[in-house]
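Asks:
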Amino acid sequence: MTQPKLAPNNLHMQPISEKRESIWKIYGQKFLRNKLAVFGAAFLLMIISLAILAPVITPYSPEKIDLLNKLQPPSKEHWLGTDEFGRDLLTRLLYGGRVSLMVGFLSVLGAITIGTAIGALAGYFGGALDAILMRFVDIMLSIPSIFLLITLTTIFQPGVDKLILIFALTGWMGTARLVRGEFLSLRSREFVLASRTIGTSNGKIIFSHILPNAMAPIIVSATLNVGSVILAESALSYLGLGIQPPTASWGNMLQNAQNFTILLKAWWYPLFPGLMILMTVLCFNFIGDALRDALDPKVND
Amino acid sequence: MVTYIIRRTLAAIPLLFGISIISFAIIRLAPGDPTSLLMDPTISGADKEKFMEKYGLNDPIYIQYFKWLGSFLQGDFGTSLIRKGVPVSEMIMNRLPNTLLLMITSTFIAIIISIPIGILQASRPYTRLDYSVTTLSFLGLATPNFWLGLMLIMAFAVHLGWFPTGGVATLNADFSIWDRLHHLILPGFVLATADMAGLTRYMRSSMLEVLKQDYMRTARAKGFKESKVIMKHGVRNGLIPVITIFGLMLPTFIGGAVIVEKVFAWPGIGLLFIDSAFQRDYPVLMALTMISSVFVVLGNLIADILYALIDPRIEYK
Numbered sequence: 001m002t003q004p005k006l007a008p009n010n011l012h013m014q015p016i017s018e019k020r021e022s023i024w025k026i027y028g029q030k031f032l033r034n035k036l037a038v039f040g041a042a043f044l045l046m047i048i049s050l051a052i053l054a055p056v057i058t059p060y061s062p063e064k065i066d067l068l069n070k071l072q073p074p075s076k077e078h079w080l081g082t083d084e085f086g087r088d089l090l091t092r093l094l095y096g097g098r099v100s101l102m103v104g105f106l107s108v109l110g111a112i113t114i115g116t117a118i119g120a121l122a123g124y125f126g127g128a129l130d131a132i133l134m135r136f137v138d139i140m141l142s143i144p145s146i147f148l149l150i151t152l153t154t155i156f157q158p159g160v161d162k163l164i165l166i167f168a169l170t171g172w173m174g175t176a177r178l179v180r181g182e183f184l185s186l187r188s189r190e191f192v193l194a195s196r197t198i199g200t201s202n203g204k205i206i207f208s209h210i211l212p213n214a215m216a217p218i219i220v221s222a223t224l225n226v227g228s229v230i231l232a233e234s235a236l237s238y239l240g241l242g243i244q245p246p247t248a249s250w251g252n253m254l255q256n257a258q259n260f261t262i263l264l265k266a267w268w269y270p271l272f273p274g275l276m277i278l279m280t281v282l283c284f285n286f287i288g289d290a291l292r293d294a295l296d297p298k299v300n301d
Numbered sequence: 302m303v304t305y306i307i308r309r310t311l312a313a314i315p316l317l318f319g320i321s322i323i324s325f326a327i328i329r330l331a332p333g334d335p336t337s338l339l340m341d342p343t344i345s346g347a348d349k350e351k352f353m354e355k356y357g358l359n360d361p362i363y364i365q366y367f368k369w370l371g372s373f374l375q376g377d378f379g380t381s382l383i384r385k386g387v388p389v390s391e392m393i394m395n396r397l398p399n400t401l402l403l404m405i406t407s408t409f410i411a412i413i414i415s416i417p418i419g420i421l422q423a424s425r426p427y428t429r430l431d432y433s434v435t436t437l438s439f440l441g442l443a444t445p446n447f448w449l450g451l452m453l454i455m456a457f458a459v460h461l462g463w464f465p466t467g468g469v470a471t472l473n474a475d476f477s478i479w480d481r482l483h484h485l486i487l488p489g490f491v492l493a494t495a496d497m498a499g500l501t502r503y504m505r506s507s508m509l510e511v512l513k514q515d516y517m518r519t520a521r522a523k524g525f526k527e528s529k530v531i532m533k534h535g536v537r538n539g540l541i542p543v544i545t546i547f548g549l550m551l552p553t554f555i556g557g558a559v560i561v562e563k564v565f566a567w568p569g570i571g572l573l574f575i576d577s578a579f580q581r582d583y584p585v586l587m588a589l590t591m592i593s594s595v596f597v598v599l600g601n602l603i604a605d606i607l608y609a610l611i612d613p614r615i616e617y618k
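This is the structure:
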């Protein structure tokens, strides 16, 4: 058998670039190649900035009642029409967006923190602690979340702050499972064993060696979770158990829209809040999927 | 195989036990002790003591838990706080048939739409058809299903008048299958959409996996028509993993039913749950939370066992 021919050495023809590309730059480039994700991110940024700038954008108050102008169709004065109390729908959508997005972000922040802590403990230490924590996760996952959410909101009648707490306390299990899996596979890698042999403390190993390596899947699941919390919040508020009127949220705006006369005469009123929810959740899902592809080293283009 | 089923079933027991502890803990979180909800507030101290003794409220908490669990296992979920003296089990049984009807209908709708679409997508992957369906399922996943229900009511019930706006049957009308079906179509479809996106995606990827297999190539080499290869050799194998997803989808499905029943004023378990939430009827809330969780655990268990039964390649020791 002849020796396999060595690949021609091309290295001298192309000077190796001086600066190494950082891994985040590569991730960024991969992400930007996904058109849907870029569209999602841009659209989301627009919604967020409009919600923040709401008082500058609209001259109306989100809660002031103006019965002379009730159920006005979209017009020059009211771009998206008015509701049954004569409040400008665009204004309420923007202010409602503040509430819905804030609940989404903060709840997921809480859920991710709890889930990461529990998953890290279970995955890193293993043994009985792992078994107990994971059985607890199994139990929590067996209770359909809408039942848990409705029962807890009935008992506590929460304001926005407690509502966020309830979402965080009922939404951490997926992250915990995910983080546990990452920790299980990372804790026996050479770099972890190496730092253990030189006497690094458990806390330091967890926070500075394993956690950074487990960040990618955590970020992906956080992004997708924001979308599902926004959906859950809108459902609860639609039922009248979430954000309470007169404060607007995308969900509770739909609560009053379910009325035969409104459905017959004011199509714009139920249409737009739902579209906002749909678009926002869609954007989060696009971004989450693109992040998954960008951050996963196994997926190559 | 039998030992696998037994072991799996036994493993579900501690899970149910844990769920019952959490449910019980939540009842105790409810504001006001049960006496204040059941008794005349002007009752004297001695009478209150007698009452506490009678209902076992002076017992240590774990005795109370076991008593509650014992009666729960016997199907005694207590009595409603609002409709005085009516057993919770009776309220639930009255509503159960409606919910089952709705869930069975929408499972049927989800299957007859999603499975064929998934197969079609897998047999023409990366085509315009495939991408359009993927985009549609993205939209489906992001649509709040109560809003979809509202939009369909607005279009097809209020404006076009093709369907009723809600309820199970026309009031004061004689029973007719057509009337019941007429009321079922919109809520059944909306609930089906909750799982359709996931089901389609799952069927597609499962079929794609199967189409790569050697036995598919062999079947083609034997000269079977492509449609026969896909239907007979592909679909049968592609369906195996999809069966498990039914068990896993049960939580979203039950949760979806709660919302859809509210949108369509469908007098089932879900509407009972929401009405009880507004009336603070805690025994009903707890019983329904427990029962729905038991269904989820059973669904997962059945999915696991079915999977083991259907796929002969997997050996269970």
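For the record, the sequence lines run as chains A and B. When we follow our numbering, the leftmost residue of the first sequence carries the number 1, and every step to the right adds one. When we follow our numbering, the leftmost residue of the second sequence carries the number 302, and every step to the right adds one. Yeah, the Cβ is synthetic: ideal placement off N, Cα and C, and Gly gets one too.
Tell me, please, whether the CB atom of residue 444 of chain B is closer than 7 Å to any CB atom in chain A?
Replies: Taking the second sequence and counting its residues from 1, the one referred to as residue 444 of chain B is at position 143. By this cut-off, residue 444 of chain B is an interface position.
Asks: Going by DSSP, name the residue or residues bridged to residue 348 of chain B.
Replies: Taking the second sequence and counting its residues from 1, the one referred to as residue 348 of chain B is at position 47. Looking at the DSSP assignment, residue 348 of chain B forms no beta bridge with any residue, so it has no partner.
Asks: Kindly say whether residue 404 of chain B, judged by its beta-carbon, lies nearer than 7 Å to any beta-carbon of chain A.
Replies: Numbered from its first residue, the second sequence carries residue 404 of chain B at position 103. Answer no: the Cβ-Cβ gap between residue 404 of chain B and chain A never drops below 7 Å.
Asks: At a cut of 8 Å, does the region 257 to 268 of chain A reach the region 197 to 210 of chain A through at least three beta carbon pairs?
Replies: Too few Cβ pairs lie closer than 8 Å, so no.
Asks: For residue 530 of chain B, which of B:420, B:304 and B:313 has the nearest alpha-carbon?
Replies: As a first step, residue 530 of chain B must be located in the second sequence, where it is residue number 229. Of the candidates B:420, B:304 and B:313, the one whose C-alpha sits nearest the C-alpha of residue 530 of chain B is B:420.
Asks: For chain B, is any of its Cβ atoms less than 7 Å away from the one on residue 301 of chain A?
Replies: Here residue 301 of chain A corresponds to residue number 301 of the first sequence, with the count starting at 1. Note that residue 301 of chain A has pLDDT 41, beneath the 50 cutoff, so the model's placement of it is unreliable and no number is given.
Asks: Strictly below 8 Å CB to CB, what residues from chain A border residue 495 of chain B?
Replies: Mapped onto the second sequence, residue 495 of chain B falls at position 194. Ordered by position in chain A, no residue passes the 8 Å Cβ test against residue 495 of chain B, which lies about 11 Å from the chain.
Asks: I'd like the ranges of any alpha helix (DSSP H) spanning at least 4 consecutive residues and lying wholly in the region 389 to 473 of chain B.
Replies: Fully enclosed alpha helix (DSSP H) runs of 4 or longer: 389 to 424, 429 to 443 and 446 to 453.
Asks: Does the beta-carbon distance from residue 331 of chain B to residue 503 of chain B come in below 7 Å?
Replies: Within the second sequence, numbered from 1, the residue matching residue 331 of chain B stands at position 30. Within the second sequence, numbered from 1, the residue matching residue 503 of chain B stands at position 202. No, the pair does not count as a contact, with Cβ atoms beyond the cut-off.
Asks: Which partner residues does residue 380 of chain B have in the DSSP bridge list?
Replies: The residue given as residue 380 of chain B occupies position 79 in the second sequence. Bridge partners of residue 380 of chain B: B:388.
Asks: Just to confirm, is the Cβ distance from residue 172 of chain A to residue 81 of chain A under 7 Å?
Replies: Taking the first sequence and counting its residues from 1, the one referred to as residue 172 of chain A is at position 172. Taking the first sequence and counting its residues from 1, the one referred to as residue 81 of chain A is at position 81. In this structure, residue 81 of chain A does not lie closer than 7 Å to residue 172 of chain A by Cβ.
Asks: Can you find a CB in chain A that lies within less than 7 Å of the CB of residue 594 of chain B?
Replies: Within the second sequence, numbered from 1, the residue matching residue 594 of chain B stands at position 293. Yes - at least one Cβ of chain A is within 7 Å of the one on residue 594 of chain B.
Asks: Using beta carbons (cut-off 7 Å, strictly below), is residue 281 of chain A in contact with chain B?
Replies: For the purposes of this step, residue 281 of chain A is taken as the residue at position 281 of the first sequence. Residue 281 of chain A counts as touching chain B.
Asks: Figure out for me which residue from B:573, B:449 and B:402 has the closest Cα to the Cα of residue 274 of chain A.
Replies: Taking the first sequence and counting its residues from 1, one reaches residue 274 of chain A at position 274. It is B:449.
Asks: Establish whether the CB of residue 455 of chain B and some CB of chain A are separated by less than 7 Å.
Replies: As a first step, residue 455 of chain B is located in the second sequence; it is residue number 154 there, counting from the start. At least one chain A Cβ lies under 7 Å of residue 455 of chain B.
Asks: Using the beta-carbon of each residue, which ones in chain B are nearer than 8 Å to residue 270 of chain A?
Replies: To locate residue 270 of chain A, count along the first sequence from 1; it is residue 270. Correct list: 448, 451, 452 and 455.
Asks: Quick check on DSSP: helix, strand or coil for residue 88 of chain A?
Replies: Residue numbering aside, residue 88 of chain A sits at position 88 when the first sequence is read from its first letter. Strand.
Asks: Can you pull out the residues from the region 168 to 183 of chain A whose beta carbon lies closer than 8 Å to at least one beta carbon of chain B?
Replies: Of all residues in the region 168 to 183 of chain A, none has a Cβ within less than 8 Å of some Cβ in chain B.
Asks: Could you tell me whether the Cβ atoms of residue 390 of chain B and residue 376 of chain B are closer together than 7 Å?
Replies: For the purposes of this step, residue 390 of chain B is taken as the residue at position 89 of the second sequence. For the purposes of this step, residue 376 of chain B is taken as the residue at position 75 of the second sequence. A contact, by the Cβ cut-off of 7 Å.
Asks: Would you report the Cα separation of residue 452 of chain B and residue 188 of chain A, rounded to the nearest angstrom?
Replies: If you number the second sequence from 1, residue 452 of chain B lands on position 151. If you number the first sequence from 1, residue 188 of chain A lands on position 188. Approximately 53 Å, taken between the alpha carbons.
Asks: Could you give the first and the last residue of the continuous alpha helix (DSSP H) run that contains residue 158 of chain A?
Replies: Locating residue 158 of chain A in the first sequence gives position 158, counting from the first residue. It is not in any alpha helix (DSSP H) - residue 158 of chain A carries neither H nor E in the DSSP assignment.
Asks: Can you give me the C-alpha to C-alpha distance between residue 224 of chain A and residue 37 of chain A, rounded to a whole angstrom?
Replies: Along the first sequence, read from residue 1 onward, the residue named residue 224 of chain A stands at position 224. Along the first sequence, read from residue 1 onward, the residue named residue 37 of chain A stands at position 37. Each residue's Cα considered, the two are about 13 Å apart.
Asks: Under a CB-based cut-off of 7 Å, is residue 560 of chain B close to chain A?
Replies: Counting from 1 along the second sequence, the entry for residue 560 of chain B is found at position 259. Closer than 7 Å: yes.
Asks: Are there 16 or more other CB atoms within 10 angstroms of the CB of residue 75 of chain A, so buried, or fewer, so exposed?
Replies: As a working mapping, residue 75 of chain A is identified with position 75 in the first sequence. Flag for residue 75 of chain A reads exposed.
Asks: I need the DSSP call for residue 82 of chain A, collapsed to helix, strand or coil.
Replies: As a first step, residue 82 of chain A is located in the first sequence; it is residue number 82 there, counting from the start. Looking at residue 82 of chain A - three-state DSSP - the assignment turns out to be strand.
Asks: In three-state DSSP terms, what is residue 285 of chain A?
Replies: On the first sequence, residue 285 of chain A is found 285 positions in, with the first residue counted as 1. Helix, per DSSP.
Asks: Please name the residue, chosen from A:296, A:128, A:237 and A:21, that lies closest to residue 220 of chain A on a Cα-to-Cα basis.
Replies: Here residue 220 of chain A refers to the residue found at position 220 of the first sequence. Closest by alpha carbon: A:296.
Asks: Report buried or exposed for residue 23 of chain A, applying the criterion of at least 16 other Cβ atoms within 10 angstroms of its Cβ.
Replies: Residue 23 of chain A sits at position 23 when you count from the first residue of the first sequence. It is exposed - the Cβ of residue 23 of chain A has fewer than 16 other Cβ atoms within 10 Å.
Asks: Would residue 39 of chain A pass as an interface residue toward chain B - the criterion being a Cβ-Cβ separation below 7 Å?
Replies: By one-based count along the first sequence, residue 39 of chain A stands at place 39. Cβ-Cβ to chain B under 7 Å: no for residue 39 of chain A.
Asks: I need the straight-line Cα distance from residue 300 of chain A to residue 32 of chain A, nearest angstrom please.
Replies: In the first sequence, residue 300 of chain A corresponds to position 300, counting from 1. In the first sequence, residue 32 of chain A corresponds to position 32, counting from 1. A caution first: residue 300 of chain A carries a pLDDT of 47, below 50, which makes its placement in the model unreliable, though a value can still be read off. Rounded to whole angstroms, residue 300 of chain A to residue 32 of chain A spans 15 Å at the Cα level.
Asks: Flag this pair as yes or no: are the beta carbons of residue 607 of chain B and residue 544 of chain B separated by less than 7 Å?
Replies: In the second sequence, residue 607 of chain B corresponds to position 306, counting from 1. In the second sequence, residue 544 of chain B corresponds to position 243, counting from 1. A contact, by the Cβ cut-off of 7 Å.
Asks: Is residue 559 of chain B near the ligand MN - that is, is its Cβ less than 6 Å away from at least one heavy atom of it?
Replies: This structure lacks the ligand MN, and indeed carries no ligand of any kind.
Asks: Are the CB atoms of residue 439 of chain B and residue 488 of chain B within a distance shorter than 7 Å?
Replies: Indexing the second sequence from 1 puts residue 488 of chain B at position 187. Indexing the second sequence from 1 puts residue 439 of chain B at position 138. Result no, Cβ atoms of residue 488 of chain B and residue 439 of chain B do not sit closer than 7 Å.
Asks: Enumerated in chain order, which unbroken segments of the alpha helix (DSSP H) with a length of 4 residues or greater are wholly contained in the region 543 to 581 of chain B?
Replies: Complete alpha helix (DSSP H) runs here, min 4: 570 to 580.
Asks: Once you ignore the five residues that flank residue 276 of chain A on each side, which residues in its own chain have a CB closer than 7 Å to its CB?
Replies: Here the question's residue 276 of chain A lines up with position 276 in the first sequence. Hits under 7 Å: 93, 97 and 250.
Asks: First and last residue of the alpha helix (DSSP H) that includes residue 309 of chain B?
Replies: Here residue 309 of chain B corresponds to residue number 8 of the second sequence, with the count starting at 1. Note, residue 309 of chain B: alpha helix (DSSP H), 303 to 330.
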